[in-house]
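Heads up, the thing below is written out as structure tokens.
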Amino acid sequence: MEPVREFPLVSVVMINWNRKEILRHVLTTLVRQTYPNYEVVLCDNHSTDGAPDMVEQEFPFVRLIRLHDNLGITGYNIAFSRSTGDIVVILDNDSFLEDEGIAKIVKKFEAYENLGALGCKVYNYYSGRIHHWHPSARDENGPAEGIHAPLFNGCAAAARSHVLREVGFYPDEFFLYENERDLCTRIINAGYDVRYFTDITGYHMVSEEGRSSERLIYYSRRNLIWYFWKYLPIHTAFWKTSLITASSVWWAIKNRQLRAYMRPVLHAVAGLPHVLRTRTPVKKELLSKILY
19 MEPVREFPLV SVVMINWNRK EILRHVLTTL VRQTYPNYEV VLCDNHSTDG APDMVEQEFP
79 FVRLIRLHDN LGITGYNIAF SRSTGDIVVI LDNDSFLEDE GIAKIVKKFE AYENLGALGC
139 KVYNYYSGRI HHWHPSARDE NGPAEGIHAP LFNGCAAAAR SHVLREVGFY PDEFFLYENE
199 RDLCTRIINA GYDVRYFTDI TGYHMVSEEG RSSERLIYYS RRNLIWYFWK YLPIHTAFWK
259 TSLITASSVW WAIKNRQLRA YMRPVLHAVA GLPHVLRTRT PVKKELLSKI LY
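Residue numbers (our numbering): 19 to 310.
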């Protein structure tokens, strides 16, 4: 008689803000997962569209955390802290995995001892096009051992729970955007691998309602500058900050949106004293793994 295989517990962690119908679709796909041992932890950022009530009524297996304000990615951190699995699968409220997705993720972590986190191949659910989030990889059928990556796409990713607790979660001060880059830099700096696996598929439903382009401009540019000064050599941080500043000036003039493009730069500079107090430069021998 063959021994019974043990299935490590997997925590599927998500946050939500006002995407009731799309969230319903995503949670329905989770029921189809072939892996037999997983929990779902969902942190709701004070949705006003009835999403939390829908989750409680239709998906009682979900561990729902209701927040009284929209805390952005801090919702992930709260969910991370409440999860109990050995592996944490990270999804957006508008993304989901293929039915074999969790099972494939578990096998990757079992096969590669030093794997700290991984990212999946992500398709646009509507167009069928691949979102090429990796800075250099364009091979749709990469090697089984994956491709080393400086970050992952946070709508379909996973990490070892003990690695997250060792290096810390997403940076609360970022609120939105570039949080995956920040986390993965700490994972790599701690000596673990981050890899991109093209044989694990995720789907992104790419919804934009309620998400303004000005907010994307603000958080992505501000957070990138903070990231540079947290981890990169001083001369590199200064150079990259100069490039973002020059780019912001150009787009502000071109689009006649001075506030949208210059406010993030000014706020980033104003916040540098706090950022510098938490500065943890990446080891020199690992810089090539995070720079692109």
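Beta carbons are placed, not taken as given, at the ideal position from N, Cα and C, and that holds for glycine.
It should be emphasised that the depicted structure is a prediction, and the values quoted were computed from it without experimental measurement.
### Which listed residue (Val44, His285, Arg84) has its alpha carbon closest to that of Glu8
Because the chain here runs from 19 to 310, residue 8 falls outside it and cannot be looked at.
### Query
Measuring CA to CA, which of Gly220, Ile271, Leu27, Gly172 is closest to Arg199?
Of the listed residues, the one whose Cα sits closest to Arg199 is Gly172.
### Message
Looking at the secondary structure, which residues open and close the beta strand (DSSP E) in which Ser29 lies?
### Response
Counting along the chain, the beta strand (DSSP E) containing Ser29 begins and ends at 28-34.
### Query
Considering only residues of the same chain and omitting the five flanking positions on each side of Lys302, which have a CB-CB separation below 7 Å?
So the list is empty, once near-sequence residues are dropped.
### Task
Quick one: residues in its chain with C-beta nearer than 7 Å to the C-beta of Thr259, no 5 flanking neighbours on either side, listed in chain order?
Excluding residues up to 5 positions away in sequence, Ile243, Phe246 lie with their Cβ nearer than 7 Å to the Cβ of Thr259 in the same chain.
### Task
Figure out for me which residue from Gly209, Leu276, Arg277 has the closest Cα to the Cα of Lys307.
Out of Gly209, Leu276, Arg277, Gly209 has the C-alpha closest to the C-alpha of Lys307.
### Task
Can you give me the start and stop residues for the beta strand (DSSP E) that His180 sits inside?
From DSSP, His180 is part of no beta strand (DSSP E) but of the alpha helix (DSSP H) over 179-185.
### Query
Within 10 angstroms of its Cβ, does Arg178 collect 16 or more other Cβ (buried), or is it exposed?
Looking at its Cβ environment, which holds 16 or more other Cβ atoms inside 10 Å, Arg178 is buried.
### Task
Enumerate in chain order the residues of its own chain whose CB-to-CB distance from Pro54 is below 8 Å, with the five nearest sequence positions on each side excluded.
Phe25.
### Query
Since Tyr221 contacts Tyr141 with CB under 8 Å, what's their CB separation in whole angstroms?
The C-beta separation of Tyr221 from Tyr141 comes to about 5 Å, placing the pair in contact by the 8 Å criterion.
### Query
Taking the Cβ atom as the reference point for each residue, do Val80 and Val28 lie within a distance shorter than 9 Å?
No, the Cβ-Cβ distance between Val80 and Val28 is not below 9 Å.
#### Entry: Which of helix, strand or coil DSSP assigns to Val224
Val224 falls in the coil class under three-state DSSP.
#### Entry: DSSP state of His285 mapped onto helix, strand, coil
Helix.
### Query
Where Ala175 and Asn34 are concerned, what is the direct C-alpha to C-alpha distance, given to the nearest angstrom?
Going from the Cα of Ala175 to the Cα of Asn34 covers about 17 Å.
### Message
I'd like the list of long-range same chain contacts for Phe98, defined as Cβ closer than 7 Å, with 5 residues on each side in sequence excluded.
### Response
Correct list, in chain order: Val31, Val106, Leu182, Phe187.
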